[in-house]
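Going down the list, the sequences are from chains A and B.
Just so we're aligned, residue 61 is where the first sequence starts under the numbering used here, counting upward by one.
Just so we're aligned, residue -17 is where the second sequence starts under the numbering used here, counting upward by one.
All residues carry an ideal CB built from backbone N, CA and C; glycine is no exception.
Structure record follows, encoded as structure tokens.
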Amino acid sequence: MTGPATQPVVTLRGVDKVFGRRDKGQTVALSGIDLDIAPGEFVSLIGPSGCGKSTLLRVIGDLVQPTRGTIEVNGKTAEQARRDRDYGMVFQAPVLFDWRSVEDNVKLPLEILGRDKAWRAARAKEMLELVELGDFTKHMPYQLSGGMQQRVAIARALSFEPRILLMDEPFGALDEMTRERMNDEVLRIWQQTGTTVVFVTHSIPEAVYLSSRVVVMSARPGRITKIVDVDLPRPRNEESRESERYFHLITQVREALRAGGGDLDDAGTASARRTVAEGAVG
Amino acid sequence: MSLLEGVASPVTPPSPEAAPRAGRVGSALRGYLPAVLVALAGLVLWEVLIRSLGLTSFILPAPSAIWTALVDNWSDDRFPLADSARNTIVEAVGGFLIGTTAGVVVAFLSARWSTARALLLPLAIAANAIPIIAFAPLFNTWFGLLNPLSKMMMAAVLSFFPVMANVTRGLSGVEPSALELMRSYAATEGEVLRKVRIPNSLPFFFTALKLASTLSLIGAIVAEYFGGQGSVLGRMIVQSASALRFDITWAAVSLAAVAGIAFYLVIALVERVAIPWHSSSRIDG
Chain A
61 MTGPATQPVV TLRGVDKVFG RRDKGQTVAL SGIDLDIAPG EFVSLIGPSG
111 CGKSTLLRVI GDLVQPTRGT IEVNGKTAEQ ARRDRDYGMV FQAPVLFDWR
161 SVEDNVKLPL EILGRDKAWR AARAKEMLEL VELGDFTKHM PYQLSGGMQQ
211 RVAIARALSF EPRILLMDEP FGALDEMTRE RMNDEVLRIW QQTGTTVVFV
261 THSIPEAVYL SSRVVVMSAR PGRITKIVDV DLPRPRNEES RESERYFHLI
311 TQVREALRAG GGDLDDAGTA SARRTVAEGA VG
Chain B
-17 MSLLEGVASP VTPPSPEAAP RAGRVGSALR GYLPAVLVAL AGLVLWEVLI
33 RSLGLTSFIL PAPSAIWTAL VDNWSDDRFP LADSARNTIV EAVGGFLIGT
83 TAGVVVAFLS ARWSTARALL LPLAIAANAI PIIAFAPLFN TWFGLLNPLS
133 KMMMAAVLSF FPVMANVTRG LSGVEPSALE LMRSYAATEG EVLRKVRIPN
183 SLPFFFTALK LASTLSLIGA IVAEYFGGQG SVLGRMIVQS ASALRFDITW
233 AAVSLAAVAG IAFYLVIALV ERVAIPWHSS SRIDG
């Protein structure tokens, strides 16, 4: 789906990010990042803790300024893209506002964009139906489970039709079962909306299952060590999770991570091993 | 997509109207019921002990004696308890309003401008460490011994600090990811203030108001100990005690206690109505 003719949505060239001051010990969070992301692509950034994958996401979203290098988003600077509301953000925590009902949380960006009341109501309803929370519009966030709260966050991020969805370990805090269901939800929404997705994760199976491409990063300094093309057929489902190709790709990503020198967090590695083991037995 | 079934049909949603406002207040009052019963039992025990031990009212008057003193002196000439209570409450509430307003204003300034914060917060913390009540005689000189303003200002200064400190914390202590989210919407500072910082500070604000309600009453009464207009609870307490009419002293103290509790409860009630989404207002969470 990444034809050579298509103009990339995101272009990063020689991006470095250095935190701290020269005299007080610096951390090179990102070093020499070159990356093109095509329209409608689903790209995962994976790597050990501290490899700068979240920083890279924030550089794309103009939440962090790069020290060196250039970023172009839809032919504009990242800042202009942010001002044009090209980005929908989803964080690891749902970041719902306690004082707003579920639908009012979804309406928040629409209020800031100055959309009229009728539009906001219609759009919130539509988005909540998309994430299958149509029956929960009047609920308060504390009345929902963690997975449901994260679905509200996704509905909110999509409400103003951003061209790029930036997701920073959105399901990292969820249990494995909920996480797999959420992965299917995200794929369904991605296919329905055609939005370009950049997805940060430290779970190898999650990255492989979701993505068109997995960008493997290593730490200190944070850099891209390998890009794995995921050629699993779509739509993906339980069968994809049990296919030979899936395990092969998981192994490929894991070896790339090993070669990068970094080790994944325990959680990510353990769940990857478990999935592989279960698959092998079945 | 059979995979979605578990997600698509969640259990029957709990009704968001499960805790309507009237019911919320009602059940809050029911929540206080055991405490009220214990207090009543304590009063009965007190009465019984005083009578059976034959203690003189000099040491500790029985609740019934305090009640009698309260009724007899309600609109008495020498110890006008009703007028005194009213005057003291006016001082406390006036001071509470002045101090709270000032505290909110300073909190907004210090949350908005980091220079203001760098300048004001250390000063405020230092000032808060001073036993302000020691200034009461000076306040009498500054604002007039017989002017209720001298007591009001003591109540105001005591109310100021918790409000300023808490509201500042509520306005500036917003989750970083909430600010990133607002930034990704290209929201203005004003929108961040209105839609995130102010609602985030409301629970802090109400906590501060509860503290300030108690402190303002303490401030007013203690300031009254150092002289001023005649018909106030502080004067009633000092004068009845020196006249050895401890039943009246107790009656005046009881009035102050009831005023303090009522003040607190009014704020707690407003809090429940104003921020029903906050955990302190929830029954089911």
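For this session: Quick one: grab the DSSP three-state call for LEU127/B.
Result: Locating residue 127/B in the second sequence gives position 145, counting from the first residue. LEU127/B: coil per DSSP, three-state reduction.
For this session: Could you name the residues of the segment 147 to 180 of chain B whose beta carbon sits closer than 9 Å to any beta carbon of chain A, in the order they occur along the chain?
Result: GLU157, SER159, ALA160, GLU162, LEU163, MET164, ARG165, SER166, TYR167, ALA168, ALA169, THR170, GLU173, LYS177, VAL178
Problem set entry | Counted within 10 angstroms of its Cβ, other Cβ atoms place GLY13/B as buried (16 or more) or exposed | Numbered from 1 along the second sequence, position 31 holds the residue referred to as residue 13/B. Classification for GLY13/B: exposed.
Exercise. How is SER159/B classed by DSSP in three states: helix, strand or coil?
Worked result: Locating residue 159/B in the second sequence gives position 177, where the first residue counts as 1. Note: SER159/B maps to helix in three-state DSSP.
Problem set entry | Nonlocal neighbours in the same chain, by C-beta distance under 6 Å from ARG217/B, ignoring five residues either side | Stepping through the second sequence from its first residue, residue 217/B is reached at position 235. Answer for ARG217/B: GLU206, listed in chain order.
Problem set entry | Completely contained beta strand (DSSP E) runs for the segment 202 to 235 of chain A, where each covers 3 or more residues | 224 to 228
Exercise. For the candidate residues ASN297/A, VAL103/A, ARG283/A, GLN67/A, whose alpha-carbon lies nearest to that of SER109/A?
Worked result: Counting from 1 along the first sequence, the entry for residue 109/A is found at position 49. Of the candidates ASN297/A, VAL103/A, ARG283/A, GLN67/A, the one whose C-alpha sits nearest the C-alpha of SER109/A is ARG283/A.
For this session: Starting from the beta carbon of ALA178/A, find every residue of chain B whose beta carbon is closer than 9 Å, and list them in chain order.
Result: Taking the first residue of the first sequence as 1, we reach residue 178/A at position 118. Near ALA178/A there are no residues of chain B at all, since even the closest Cβ is about 20 Å away, more than 9 Å.
Problem set entry | Closest by C-alpha distance to MET136/B, when choosing among TRP95/B, LEU11/B, THR82/B, VAL86/B | Counting from one through the second sequence, the residue named residue 136/B turns up at place 154. Of the listed residues, the one whose Cα sits closest to MET136/B is THR82/B.
Problem set entry | Meets three-Cβ-pair contact criterion under 8 Å: the segment 191 to 199 of chain A and the segment 191 to 202 of chain B | no
Problem set entry | Opposing strand residues paired with ARG12/B [DSSP bridges] | Here residue 12/B refers to the residue found at position 30 of the second sequence. Answer is none; ARG12/B lacks a bridge partner.
For this session: Taking C-beta pairs closer than 8 Å, name the residues in chain B that PHE151/A reaches, listed in chain order.
Result: Locating residue 151/A in the first sequence gives position 91, counting from the first residue. Correct list: SER159, GLU162, LEU163.
Exercise. How should ILE287/A be labelled, buried or exposed, when 16 other C-beta atoms within 10 angstroms of its C-beta is the threshold for buried?
Worked result: Against the first sequence, residue 287/A aligns to sequence position 227. Classification for ILE287/A: exposed.
Exercise. Tell me the DSSP bridge mates of SER104/A?
Worked result: Numbered from its first residue, the first sequence carries residue 104/A at position 44. Answer by DSSP bridge pairing, in chain order: PHE259/A, VAL274/A.
Exercise. Given ALA267/A, which residues of its chain have a CB within under 8 Å of its CB, disregarding the five upstream and five downstream residues?
Worked result: Taking the first sequence and counting its residues from 1, the one referred to as residue 267/A is at position 207. Excluding residues within five positions, the ones whose Cβ falls inside 8 Å are SER104, ILE106, PHE259, THR261, VAL274, VAL313.
Exercise. By Cβ distance below 7 Å, which residues in the same chain neighbour PRO169/A in space, the five residues on each side in sequence not counted?
Worked result: What you label residue 169/A is simply residue 109 of the first sequence in a count that begins at 1. Here the set comprises ARG216, SER219, PHE220.
Exercise. Over what stretch of residues does the alpha helix (DSSP H) that includes VAL88/B continue unbroken?
Worked result: For the purposes of this step, residue 88/B is taken as the residue at position 106 of the second sequence. Its alpha helix (DSSP H) spans residues 63 to 94.
Problem set entry | 8 Å CB neighbourhood of SER135/A in its chain, flanking five on each side removed | For this step, residue 135/A is matched to residue 75 along the first sequence. The sequence shown places Gly at residue 135/A, rather than the Ser named in the question. Answer for GLY135/A: GLN67, listed in chain order.
Exercise. If we cut at 7 Å on Cβ distances, does LEU259/B have a partner in chain A?
Worked result: The sequence position of residue 259/B within the second sequence is 277, counting from 1. The question names Leu, but residue 259/B is Trp in the sequence shown. So yes, TRP259/B belongs to the interface.
For this session: Name the residue from GLY74/A, ILE224/A, ALA181/A, LEU117/A whose alpha carbon lies nearest to the alpha carbon of ARG128/A.
Result: Residue mapping note: residue 128/A aligns to position 68 of the first sequence, counting from 1. Checking every option, the nearest Cα to that of ARG128/A belongs to GLY74/A.
Problem set entry | Assigned secondary structure, SER132/B (DSSP; H/G/I helix, E/B strand, else coil) | Working through the second sequence from its first residue, we reach residue 132/B at position 150. SER132/B: helix per DSSP, three-state reduction.
Exercise. For the beta strand (DSSP E) that PRO200/A lies in, which residues bound it at each end?
Worked result: Locating residue 200/A in the first sequence gives position 140, where the first residue counts as 1. Residue identity check: residue 200/A is Met in the sequence provided, not Pro. Per DSSP, MET200/A belongs to no beta strand (DSSP E) and is neither H nor E.
Problem set entry | DSSP three-state assignment for ALA89/A, whether helix, strand or coil | By one-based count along the first sequence, residue 89/A stands at place 29. Looking at ALA89/A - three-state DSSP - the assignment turns out to be strand.
Exercise. Between ILE172/A and chain B, is there a C-beta pair that is closer than 7 Å?
Worked result: Looking up residue 172/A in the first sequence gives position 112. Yes - at least one Cβ of chain B is within 7 Å of the one on ILE172/A.
Problem set entry | Classification of GLU253/B by the beta-carbon crowding that lies within 10 angstroms, buried from 16 upward | To locate residue 253/B, count along the second sequence from 1; it is residue 271. Buried, since its Cβ has 16 or more Cβ neighbours within 10 Å.
Exercise. Would the beta-carbon of LEU317/A fall within 7 Å of that of VAL290/A?
Worked result: Walking along the first sequence from the start, residue 317/A turns up at place 257. Walking along the first sequence from the start, residue 290/A turns up at place 230. Their beta carbons are not under 7 Å apart, which means LEU317/A does not touch VAL290/A by this criterion.
Problem set entry | Straight-line Cα distance separating PHE117/B from LEU27/B | Stepping through the second sequence from its first residue, residue 27/B is reached at position 45. Stepping through the second sequence from its first residue, residue 117/B is reached at position 135. Cα-Cα distance, rounded: 40 Å.
Exercise. Which of helix, strand or coil does DSSP assign to PHE208/B?
Worked result: Reading the second sequence from its first residue, position 226 is the one you call residue 208/B. Note: PHE208/B maps to coil in three-state DSSP.
Exercise. Under the rule that 16 or more other beta-carbon atoms within 10 Å means buried, what is GLY194/A, buried or exposed?
Worked result: Looking up residue 194/A in the first sequence gives position 134. With fewer than 16 Cβ atoms within 10 Å of its Cβ, GLY194/A is classed as exposed.
Problem set entry | Whole-Å CB distance - THR255/A paired with LEU225/A, under 8 Å assumed | Taking the first sequence and counting its residues from 1, the one referred to as residue 255/A is at position 195. Taking the first sequence and counting its residues from 1, the one referred to as residue 225/A is at position 165. Contact flag correct, Cβ pair sits at about 5 Å.
Exercise. Does any CB atom of chain B fall closer than 7 Å to the CB of ARG294/A?
Worked result: As a first step, residue 294/A is located in the first sequence; it is residue number 234 there, counting from the start. So no, ARG294/A is outside the interface.
Exercise. Hey, how far is the Cα of ARG183/A from the Cα of LYS167/A?
Worked result: Numbered from 1 along the first sequence, position 123 holds the residue referred to as residue 183/A. Numbered from 1 along the first sequence, position 107 holds the residue referred to as residue 167/A. Their backbone Cα atoms lie some 8 Å apart in a straight line.
Exercise. With 7 Å set as the bound, which would you pick, yes or no: does the beta-carbon of TRP250/A sit closer than that to a beta-carbon of chain B?
Worked result: Taking the first sequence and counting its residues from 1, one reaches residue 250/A at position 190. With 7 Å as the cut-off, TRP250/A does not count as an interface residue toward chain B.
Exercise. For ASP244/A, which of helix, strand or coil comes out of DSSP?
Worked result: The residue you call residue 244/A lines up with position 184 of the first sequence. In this structure, ASP244/A counts as helix in the three-state DSSP scheme.
For this session: Could you tell me which of GLU101/A, SER161/A, VAL257/A sits nearest to HIS291/B, measuring between CA atoms?
Result: Since the first and last residues shown for chain B are -17 and 267, residue 291/B lies out of range.
Exercise. Taking C-beta to C-beta, are THR50/B and LEU215/B nearer than 7 Å?
Worked result: Looking up residue 50/B in the second sequence gives position 68. Looking up residue 215/B in the second sequence gives position 233. No, the Cβ-Cβ distance between THR50/B and LEU215/B is not below 7 Å.
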